[in-house]
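The sequence shown runs contiguously to residue 513 in our numbering. Every residue, glycine too, gets a C-beta built ideally from N, C-alpha and C. Written below as structure tokens is the structure these notes are about.
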Amino acid sequence: MKQNIKFALGALAIFVAGGIFATALITVVKPKEAEATLKEDAYRYYEMKHGEITTQQTNGETAAAAPTEKTEKQDDTVSVIVTPTNTWAEGSNAVQQFSVAVTNNGAAAINDWTCVIEFDGEVMDNINGWGGASYTALGKTVTISPTEPWAKEIQPGDSKKDFGFQLRSATGVTYKTAKFTSDLGEIKIENKEAEASPAPVEVESYDGTSPVALHGQLAVKGTQIVDKNGEPVILQGVSTHGIAWFPAYVDKEGFKTLRDTMGVNTIRLALYSSTNEGYSKAMHQKVIDGVNYAKELGMYVIIDWHILANGNPNTDKEAAKAFFTEMTGKFKDYDNVIYEICNEPNGGVTWENDIKPYAVDMINHIRAVDDNAIIIVGTPTWSQDVDIVSQSPITGQSNIMYALHFYASTHRQELRNKLNTALSAGLPVFVSEFGISEASGAGMIDENEGTTWINYLRSKGVGYVCWNLSNKNEACALIKDSCTKTSGWTDDDLTQQGKWLKKVYTSK
Ligand code: IDC
């Protein structure tokens with residue numbers, strides 16, 4: 006806390022002095038000195054607020070967040086909602102708990118019924134069930150048969166939500182379909198989420214063939230990235246810190262180390278877009294260098310127009326247009342380039358009023374030159390509200406994805422719920438930035454929550470990029486501050502997050 010007060014005072018002093026940001030942004034010196042030159046502590050003031058607000062908003066939204074993996078299909082007469090509510094291990098098996106709600110939308114009363122719920126794998130047995138019904142497991146199914154008169158009868162407009170059961174299986178199962186049979190007839194209910202849910206993709210390790218040689222030009226299909234053969238591929242990336250502050254890490258050898266030893270196939274080049282955060286036109290050349298290094302190494306590269314202190318992407322839109330004009334002009338024929346047009350919109354901007362109009366405009370601007378590169382669009386609340394965006398995505402464009410950012414010590418299941426809602430609605434999501442620290446970039450590291458996130462993303466075929474490649478003395482840096490190497494890192498050179506990343510990225 007003392008530390009924070011010091012930062013705040015430092016920030017105030019610098020704000021009062023004013024105008025001193027503009028100097029010395031492009032001097033290429035050793036990483037740590039570069040940072041000192043830029044008096045970056047000024048931004049800590051902003052960052053502290055940023056972190057706090059992120060946490061508060063996330064907590065505030067928890068109650069209203071959409072339920073996890075809710076699955077529903079409205080039928081003219083009946084709807085059945087099967088919701089996974091809990092899961093745990095029992096010996097080498099998995100036990101899962103589901104709740105079931107049955108609603109009579111029709112005009113006639115249901116007097117008796119059974120419902121066969123089908124999963125994607127074998128069910129060993131059901132352990133428990135409730136709501137006035139009996140439950141029978143057979144093959145891939147569990148059948149619900151109400152035994153109590155009050156459970157059998159469902160009046161028009163009535164909803165019975167108290168059914169539920171626990172089942173045991175070898176590795177866990179996913180609900181797929183239900184068959185509801187009653188005196189009104191038989192209804193087949195598909196799990197929409199299961200249909201939209203992409204096939205899990207295995208992560209490959211580098212074996213001498215570069216990622217771009219293997220996969221070529223990427224595209225978006227459904228909610229996933231696919232390669233030149235239409236096969237899903239997971240991008241596993243590392244983001245630079247702000248390249249104005251840490252220019253030395255835009256280094257071909259460093260990228261190669263990430264590719265060859267740490268399972269990284271994608272580099273994100275973060276260009277802070279506010280002049281208050283190091284932006285100057287002169288930085289464009291660093292981006293160009295970084296893209297070319299990635300191309301030479303056969304790695305994918307994300308050109309990140311890093312909105313942060315300038316929370317509304319429209320604030321610096323003209324500069325963004327000039328930037329993307331230059332980038333698309335140079336890279337339209339590259340097959341390894343992805344554009345990210347607004348890192349993290351924040352500060353009261355909304356999807357409908359601010360971000361979407363900006364994105365539509367910028368996408369048209371980019372498409373006028375580059376007709377196929379993937380474009381990643383930031384989402385409200387520091388790129389968290391993909392659920393809101395999924396209600397009103399950009400139409401008439403292809404190869405568009407939407408950013409979800411998480412910091413595992415701050416953002417947990419409630420943010421995965423938002424992701425799940427978005428994917429279920431068919432929104433292509435890409436995690437263009439994450440850390441396993443707190444949202445401030447400092448604080449506790451949560452390896453377990455980080456691994457839970459990555460496993461979840463892999464199971465959904467969603468790619469991810471970790472913040473950040475620098476030796477800044479902060480939890481979310483990958484390199485220890487005592488190490489000044491910009492390539493060839495050994496395990497000893499890596500921070501806790503760095504070691505975790507290497508372990509997780511190189512495992513399947
Ligand atoms: C942080 C950096 C930190 C810097 C701060 C302000 O790690 O060194 O002082 O920005 O420029 C984000 C942002 C990303 C943040 C990161 C951690 O996209 O720029 O970097 N974060 O706070 N969103 C959530 C967390």
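- Counted as a single uninterrupted DSSP element, the beta strand (DSSP E) harbouring A142 occupies residues A138 to L143.
- Taking 7 Å as the cut-off, the beta carbon of V470 is found closer than this to the beta carbon of R273.
- In this structure, the straight-line span from the alpha carbon of F329 to that of W135 is close to 58 Å.
- Residues Q102 and S104 of the same chain have their beta carbon placed closer than 6 Å to that of T90, with the five preceding and five following residues left out of the count.
- Taking the Cβ of G353 as the reference point, every heavy atom of the ligand IDC lies at 6 Å or farther away.
- In this structure, I379 lies near N404, with their beta-carbon atoms less than 7 Å apart.
- Around the beta-carbon of Q290, fewer than 16 other beta-carbon atoms lie within 10 Å, marking it exposed.
- About 15 Å separates the Cβ atoms of I346 and V306, ruling out a contact at the 8 Å cut-off.
- Assignment of S403 by DSSP, reduced to helix, strand and coil, places it in the coil class.
- For P433, same chain residues with a beta-carbon under 6 Å away, outside a window of 5 residues either side, are V225, T228 and M406 in chain order.
- Between the segment 359-374 and the segment 409-420, the count of C-beta pairs closer than 8 Å stays below three; the two stretches do not touch.
- Judged by beta-carbon spacing, P350 lies within the 7 Å limit of P318, meaning their Cβ atoms are closer than that value.
- Bounds of the alpha helix (DSSP H) holding L263 are K257 to T266.
- When C-beta atoms of the segment 448-462 are compared with those of the segment 280-298, fewer than three pairs fall below 8 Å, so the two segments do not count as touching.
- Distance from the CA of T495 to the CA of D390, rounded to the nearest whole angstrom, comes to 37 Å.
- When the beta-carbon positions are compared, R421 and Y461 come within less than 7 Å of each other.
- In the three-state scheme derived from DSSP, where H, G and I count as helix and E and B as strand, Y298 is classed as helix.
- Apart from the 5 residues on each side of it in sequence, T92 sits with its Cβ closer than 8 Å to the Cβ of A99, V100, Q101, Q102 and G177 in its chain, given in chain order.
- Between the ligand IDC and the CB of E349, the shortest heavy atom gap is smaller than 6 Å.
- Taking C-beta separations shorter than 8 Å and ignoring five residues to either side along the sequence, the partners of T245 in its chain run F251, Y254, V255, I272, R273, L274, A275, G295, N473, L474 and S475, following chain order.
- Excluding sequence positions up to five before and after P205, its CB lies within less than 8 Å of the CB of R463, S464, K465 and G466, all in the same chain and listed in chain order.
- By the 16-neighbour rule on beta-carbons within 10 angstroms, E153 is exposed.
- Contact between Q396 and I441 is absent: CB atoms are separated by about 30 Å, not below the 8 Å threshold.
- For secondary structure counted as the alpha helix (DSSP H) over 4 or more consecutive residues, the segment 388-468 holds these complete runs in sequence order: 391-394, 418-429 and 452-465.
- Taken through DSSP and simplified to helix, strand or coil, W505 comes out as helix.
- Going by C-alpha positions, W458 is about 37 Å away from T119.
- Secondary structure of A106 (DSSP, three-state): strand.
- Within the segment 186-253, the alpha helix (DSSP H) runs of at least 4 residues that lie entirely inside it are, in chain order, 197-201 and 216-220.
- Residue range K322 to F336 is occupied by the alpha helix (DSSP H) that includes E331.
- Taken atom to atom, the span from the alpha-carbon of E195 to that of D125 is near 12 Å.
- Residue state for T182 is assigned as strand, using DSSP reduced to three classes.
- Where W93 is concerned, the enclosing beta strand (DSSP E) starts and stops at V83 to E95.
- In the assembly as shown, G334 is an exposed residue. Its beta-carbon has fewer than 16 other beta-carbons within 10 Å.
- Per the DSSP secondary-structure output, V100 pairs in a beta bridge with W93 and R173.
- Less than 7 Å divides the Cβ of L172 from the Cβ of V128.
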